[in-house]
Amino acid sequence: MSSLIRWQPLREIQALRQQVDHLFDTLVHGEPLTDLLPKVGDMTWTPAIELQETETAILLKAEVPGIPVEELNVEVGENTVTISGEHREESKAEEKGMVRSELRYGKFYRMVPLPAAVKNEAVKAEFKDGMLMLTMPKVEASRRNVVKVDLGLQEKMREAVTEDRLKAEQREETVHRRAAEAMAQPNGGQMTEEAREAVVGDRQKETHLEETTHRRAADSIGAPV
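Using our numbering, the first residue of the sequence shown is number 21, and each one after it goes up by one.
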């Protein structure tokens, strides 16, 4: 479903101002302004347009009768369309009486602000019977990555980490107690070394288990919907 877009002259003025600012920036960097900005005095007429917007594209029709395609210049930016060219008057010799002409001759220029950003590299153009038609696909709005946070899963992960930590502390206390008991035995030195190795092994298991639990929790919490 398409709808006609109401003409808003203030938007065209704003778009023209932005283009002038851009041209000024270009001039500051050393490029001549004469070839970039059309002279207002040379612009003798402005083509009429019709602008429509659908869910996926913006359609522009411009009335440029009598203009050969080689005299027509169309530039599509992300938010504006610029149409310019020249309708050259044929040379003719006047006969008796006054020659009357209501046709529009001379240079023309029209900059049209678009209601939405378009893919200017995918524009389709058609020029037939003095009517320019542009089909400009809209830029798709970037989809936001929605992440669902499972609060219940977070709590379960915390409980699992706490339970594993308590078990590790109990094992460490048991090892220390056995090591103290072994000190009283004749071969206490050997038993103490075995107990120390058991403590180190339990701590490594505890660290690995805690890292695994945290990683799984982070993966589950950050999983996209």
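Each residue gets a CB set at the ideal place from its N, CA and C atoms; glycine is no exception. Bear in mind that the values here come from a model prediction, so they are computed numbers and not experimental data.
- Distance from the CA atom of residue 90 to the CA atom of residue 107, rounded to whole angstroms, is 11 Å.
- Residue 81 carries a strand assignment under DSSP once its states are collapsed to helix, strand and coil.
- Annotated as distal: residue 131 and residue 80, with beta-carbon spacing of 9 Å or more.
- Separation of residue 228 and residue 157 (C-alpha to C-alpha, rounded to the nearest whole angstrom) is 53 Å.
- In the same chain as residue 70, and ignoring 5 residues on each side of it, the C-beta atoms closer than 6 Å to its own belong to 81, in chain order.
- Going by C-alpha positions, residue 142 is about 31 Å away from residue 126.
- DSSP, reduced to helix, strand and coil, places residue 143 outside both helices and strands of the structure shown, so it counts as coil.
- At the C-beta level, residue 77 and residue 182 stay beyond 9 Å of one another.
- The shortest C-alpha to C-alpha distance from residue 65 to any of 128, 103, 189, 104 is the one to 128.
- Here residue 200 carries a helix assignment [DSSP, helix/strand/coil].
- Counting other Cβ atoms within 10 Å of its Cβ, residue 134 reaches 16 or more and is therefore classed as buried.
- Taking 9 Å as the cut-off, the Cβ atoms of residue 84 and residue 150 count as close.
- Residue nearest to residue 73 within the set 190, 138, 189 is 138 (criterion: CA-CA distance).
- Around the beta carbon of residue 186, fewer than 16 other beta carbons sit within 10 angstroms, so the residue counts as exposed.
- In this structure, residue 98 sits near residue 140, with a CB-CB distance shorter than 9 Å.
- Exclusion of the five residues before and after residue 145 leaves 154 as the residues of its chain whose Cβ lies within less than 6 Å of its Cβ.
- Assignment of residue 68 by DSSP, reduced to helix, strand and coil, places it in the strand class.
- The three-state secondary structure of residue 192, taken from DSSP, is helix.
- Note on residue 100: 16 or more other CB atoms within 10 angstroms of its CB, so buried under the neighbour-count rule.
- Distance from the CA atom of residue 175 to the CA atom of residue 102, rounded to whole angstroms, is 59 Å.
- In the displayed model, residue 154 falls within a strand according to three-state DSSP.
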